[in-house]
Amino acid sequence: MPDKFIISKLSNGLNIAIEHMEGVKSVGAGFLVQTGARDETPDLAGVSHFLEHMCFKGTPNRSAAEINIDFDRIGGNPNAFTSHDRTFYHGLARTEDFPTQLEILADMMNSSLPPDEFDMEKNVVLEEIAMSNDRIEHVAFDLIVESVFKGNSLAWPVLGYDRTVKALTRDQMNHYFRSRYTPANMVLVVAGAVDPDEVIAQAEKCCGHWVAGEPRPERTKPVMGTGTIQKTIERFNQQVVAITFEGPGASDPMHDTAEAAASILGGGNSRFYWNIEQTGLAPYAGAYRLDFGDCGLLILMAQCDPQNTDRVVEALRKEAKSFAAGPVSDEEIQRVKNKRRTSLAVEGESPHHRLVQVMDDIDYRGRPRTVEDRIAAVNAVGQDSLRAYFDAFPVDGEGLLVSVGPLKSSAA
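If you count the sequence shown from 1, you need to add 72 to reach this note's numbering.
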């Protein structure tokens, strides 16, 4: 039986990470491009996400329609996403269709950026931005990121701004594309019941001719901002408030403890649920993590009637301080650990989920982890690790308070 993970590299520098999975009938495959919104210059804000769209719009070998039809012929379901620090193109197909799946995905990495499609797709992206601006939670999230990372390239939204996308030219995108979509910044990830030698041979056939290129410029770790930011938007009927604290990044050993803390505080059946939502103070209150390789955030967020804003902010702070002061019950810890262990067990049987998990590990940790490795990290969460987490990343300070909605006061 082949090794669980096979790590290889083509002569041009393209890294390959394969997870061999016994007993499955499908294969997940994808190209991780290690570039995203934080790698853009201010005038190009949104180019990474726009480029993701364009990679589906035509290559020297295929039109946009032919890309879709060729995936349909193998029953494939291609997709992609762009974040602040990466772009991932992926698909799922039957094992016997893997060579074709990989060939199409590799072809997409050589987009011709068709000029007519560029102009049309720009309107699609502008519509996405407009739709995002119509959702109060999206407006609040963008304001959080913009404020907490002020002065750093992490500050601008993944979608970019209306003004930067409108001004973006095809030549600017092409320069960014050719400098970033190179083997030096890419990883081919495969998960399924595949023959690793055949995967590497197919990768050589499809990608071996790519020019190596240069690694992207080094990223600068941000300094987290604090204070209070109010944005008054009268067209909304609800208020969103969020308190953001610094947290460990995705590669930090405390990551799993941070995830458990967020779940206990503001996940399903959490303290926020029982003490804020179920008391009628706010219809939604939650805590979630925003992870990057070198930094992270814990965001406590609620949506409420504007008249309840101050009470909701007070409740969020009260619950966070109480949680950090302890004690956290063993029962609470066990519940979130069991939920995560169940998720990992189910996801471990899916090539699609394992594809994304391996990609995440390669990008943030430099090596893939087995399902057992991930479960072991969850098992290690306990009273001691939570205490160490709150000592390293306090949640009883000022943080960054953001308030968005019709409330007109200067402070939430």
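We treat Cβ as the ideally placed atom computed from N, Cα and C, and that holds for glycine.
Expressed to the nearest angstrom, what Euclidean distance is found between the alpha-carbon atoms of residue i and residue j?
i                 : j              : result
glycine 130       : lysine 390     : 53 Å
valine 408        : asparagine 246 : 45 Å
valine 266        : lysine 76      : 11 Å
tyrosine 461      : serine 323     : 14 Å
aspartate 257     : aspartate 402  : Strictly speaking, residue 257 in this sequence is asparagine, with aspartate absent from that position. Near 43 Å, if we compare the C-alpha coordinates of aspartate 402 and asparagine 257.
methionine 73     : glutamate 94   : Model confidence at methionine 73 stands at a pLDDT of 43, short of 50, so the residue's coordinates are unreliable and nothing is read from them.
glutamine 302     : glutamate 421  : 45 Å
serine 204        : threonine 329  : 31 Å
alanine 384       : leucine 353    : Per the sequence shown, residue 384 should be read as valine rather than alanine. Straight-line Cα distance between these residues: approximately 7 Å.
arginine 441      : glutamine 429  : 8 Å
glycine 102       : isoleucine 88  : 10 Å
serine 251        : arginine 343   : 47 Å
proline 378       : threonine 159  : 37 Å
glutamine 369     : aspartate 463  : Going by the sequence as given, residue 369 is leucine instead of glutamine. Going by the C-alpha atoms only, they are around 15 Å apart.
asparagine 224    : leucine 123    : 22 Å
serine 80         : threonine 107  : 21 Å
methionine 425    : valine 418     : Just to set this straight, residue 425 is histidine in the shown sequence, not methionine. C-alpha separation (whole angstroms): 9 Å.
leucine 473       : alanine 227    : 16 Å
alanine 357       : leucine 231    : 25 Å
alanine 139       : threonine 254  : At residue 139 the sequence reads isoleucine, which differs from the alanine that was named. Approximately 21 Å, taken between the alpha carbons.
histidine 156     : aspartate 111  : 8 Å
phenylalanine 395 : isoleucine 405 : 12 Å
glycine 321       : histidine 327  : 7 Å
arginine 288      : asparagine 341 : 42 Å
threonine 241     : asparagine 182 : 18 Å
For residue i, does the three-state DSSP call read helix, strand or coil?
i                 : result
leucine 177       : helix
asparagine 451    : helix
methionine 73     : Summary for methionine 73: the model assigns pLDDT 43, below 50, so the residue's position carries little reliability; its value from the coordinates is reported in the next sentence. Three-state result, methionine 73: coil.
histidine 485     : Residue coverage of the chain in this structure runs from 73 to 484, which leaves residue 485 outside it and unanswerable.
phenylalanine 465 : coil
arginine 145      : helix
tyrosine 161      : strand
valine 211        : helix
histidine 156     : coil
asparagine 341    : coil
threonine 167     : helix
phenylalanine 317 : strand
valine 237        : helix
arginine 446      : helix
lysine 393        : helix
glutamine 350     : coil
Can you give me the start and stop residues for the beta strand (DSSP E) that residue i sits inside?
i             : result
lysine 409    : Here lysine 409 belongs to no beta strand (DSSP E); instead the alpha helix (DSSP H) covers 402 to 419.
threonine 300 : 299 to 304
valine 361    : At residue 361 the sequence reads arginine, which differs from the valine that was named. Run containing arginine 361: 356 to 363, per the beta strand (DSSP E) assignment.
serine 475    : 472 to 477
valine 105    : 98 to 105
leucine 370   : 368 to 376
alanine 263   : 258 to 264
alanine 89    : 87 to 92
Beta carbon of residue i, beta carbon of residue j: below 8 Å?
i           : j                 : result
alanine 493 : glutamate 91      : Look at the range of the chain in this structure, 73 to 484, and you will see that residue 493 is not part of it.
proline 478 : glutamine 311     : yes
valine 220  : proline 423       : no
alanine 284 : leucine 260       : no
leucine 174 : phenylalanine 249 : no
valine 453  : alanine 334       : no
valine 400  : isoleucine 348    : no
alanine 212 : alanine 109       : no
valine 476  : isoleucine 146    : no
leucine 388 : glutamine 244     : no
Evaluate residue i with the Cβ neighbour count: other Cβ atoms within 10 Å of its Cβ, from every protein chain shown; 16 or more gives buried, anything less gives exposed.
i                 : result
arginine 437      : exposed
glutamate 444     : exposed
threonine 414     : exposed
phenylalanine 465 : buried
alanine 202       : exposed
threonine 304     : exposed
glycine 398       : exposed
valine 196        : exposed
isoleucine 434    : buried
threonine 316     : buried
isoleucine 371    : buried
tryptophan 282    : buried
threonine 292     : exposed
arginine 446      : buried
methionine 192    : exposed
alanine 165       : buried
lysine 194        : buried
Quick one: give me the first and last residue of the alpha helix (DSSP H) that residue i is part of.
i           : result
glycine 338 : 327 to 338
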